[in-house]
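**Student:** Take this structure, written in structure tokens, and hold onto it; I'll ask about it next.
Numbering (the numbering used here), first residue to last: 25 to 188.
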């Protein structure tokens, strides 16, 4: 390869990696050069997914509202909501980053999805179990054994679902 061909190949690889990172962050298409992109372009590339996520979060709020009586009876549970929600998001971000990168590099192909799903379920259960043990002790300290069980089981389920 000539130096020009090598440079062109590296530039294509950089562009593809950038596009993969944008997809992983729910940014539609490619924004081009970030330094030269206009506010309007950056807005258009990001707004669709953020608005869709807002509506998705409305369903989360409705789910929480379904447990209004439980929350009223055990107000200490409210203090665990940010921890639980963030943990699910963090686990999901890790899982998505690993999968998007593996797909982008060809390390994983679409026909591997069932095997990868099974593996991710196992990892998510192990991570969720570890995190559940950690928050169970905090739940026991703040609200007793019943709160510990509720918070721990919630953590396990949230990390599992968030990772998928």
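Beta carbons: idealized from backbone N, C-alpha and C, even for Gly. Only a predicted model underlies this, so the values are computations on that prediction, with no experimental measurement involved.
Check whether the Cβ atoms of residue 116 and residue 188 sit closer than 9 Å, and answer yes or no.
**Tutor:** Cβ atoms of residue 116 and residue 188: closer than 9 Å.
**Student:** Quick one: grab the DSSP three-state call for residue 25.
**Tutor:** The answer is coil: DSSP assigns residue 25 none of H, G, I, E or B.
**Student:** Considering just the uninterrupted stretch of the alpha helix (DSSP H) at residue 104, what are its terminal residues?
**Tutor:** Note, residue 104: premise wrong, no alpha helix (DSSP H); not H, not E.
**Student:** Over the uninterrupted alpha helix (DSSP H) stretch that includes residue 179, give me the two end residues.
**Tutor:** That run of the alpha helix (DSSP H) goes 169-187.
**Student:** Please report the straight-line C-alpha distance between residue 170 and residue 162, rounded to a whole angstrom.
**Tutor:** Cα to Cα, residue 170 sits roughly 12 Å from residue 162.
**Student:** If you drop the 5 nearest sequence neighbours on each side, which residues of the same chain put their C-beta closer than 7 Å to that of residue 108?
**Tutor:** Around residue 108: 178, 179, 182.
**Student:** In angstroms, rounded to a whole number, what distance separates the CA positions of residue 35 and residue 129?
**Tutor:** Approximately 15 Å between the Cα atoms of the pair.
**Student:** Kindly indicate the opening and closing residues of the alpha helix (DSSP H) around residue 93.
**Tutor:** Segment 92-97, the alpha helix (DSSP H) holding residue 93.
**Student:** Contact between the segment 71-80 and the segment 142-152 is defined here as three or more beta-carbon pairs at a separation below 8 Å; is this criterion met?
**Tutor:** In short, these stretches do not touch, since the Cβ pair count stays below three.
**Student:** Please go through the same chain and pick out, in chain order, the residues whose beta-carbon is closer than 7 Å to the beta-carbon of residue 95, but skip the five residues on each side of it.
**Tutor:** Once the five neighbours on either side are set aside, the close Cβ partners of residue 95 are 101, 102.
**Student:** Around the C-beta of residue 168, are 16 or more other C-beta atoms found within 10 angstroms, so that it is buried, or is it exposed?
**Tutor:** Flag for residue 168 reads exposed.
**Student:** Counting along the chain, where does the alpha helix (DSSP H) carrying residue 58 start and finish?
**Tutor:** No alpha helix (DSSP H) holds residue 58; DSSP gives it neither H nor E.
**Student:** Quick check: what's the CA-CA separation for residue 118 versus residue 33?
**Tutor:** Each residue's alpha carbon lies about 29 Å from the other.
**Student:** Taking the alpha-carbon of residue 105 as reference, which of 138, 87, 61 has the nearest alpha-carbon?
**Tutor:** Here the closest residue by C-alpha is 87.
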